[in-house]
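Please read the structure below before turning to the comments.
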Amino acid sequence: EEQLTLVLFLGALAGPVVDPHVTAVWGKKVALKCIIDVNETITQVSWEKIYGKSSQTIAVHHPEYGISIQGEYQGRVAFKNYSLTDATIILKNVSFSDAGEYVCKAVTFPLGNTQSSTTVTVLGKSTSL
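Going left to right, the sequence shown walks through residues -20 to -1, 1 to 109 as mature numbering (1 follows the signal peptide of the UniProt record, and there is no 0) numbers them.
Written out as structure tokens, the structure reads:
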């Protein structure tokens, strides 16, 4: 029984599957991937942008209360699918201020929180990829 518990614990430590580095182009849209591959019940998924030691919530998907997009991100961010296991978001009309670190968080029952981060780089329109 102890061994089983250990395996579950290690499974919980594997965070959501994200792209560690994403390049976005100014004025275009970009997808921030987040696939949550867990056997537990997902009770909430969210995206946050990191500002030093603090963070700002961008989008939340709760199975009961639905989807909410926060403040300045309304109309610019949407979940790609209405699925708790695929929390990929699409960010439209990218600006240079969108560069930085983003965290996809999943709250699961009974194992708790798991998260992974993506760093977004924004290029100017004229830069060829």
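Every residue, glycine too, gets a C-beta built ideally from N, C-alpha and C.
To the nearest angstrom, how far is the alpha carbon of Ser26 from that of Lys72?
Going from the Cα of Ser26 to the Cα of Lys72 covers about 18 Å.
For Ile30, write down the residues that DSSP places opposite it in a beta bridge.
Answer by DSSP bridge pairing, in chain order: Ser35.
Taking Cβ to Cβ, would you say Ser96 is nearer than 8 Å to Trp6?
No, they are not a contact pair.
Beta strand (DSSP E) containing Thr88: first to last residue?
Thr88 -> beta strand (DSSP E) spans Gly80 to Phe89.
Buried or exposed for His1, please, with buried defined as at least 16 other CB atoms from any protein chain shown within 10 angstroms of its CB.
Flag for His1 reads exposed.
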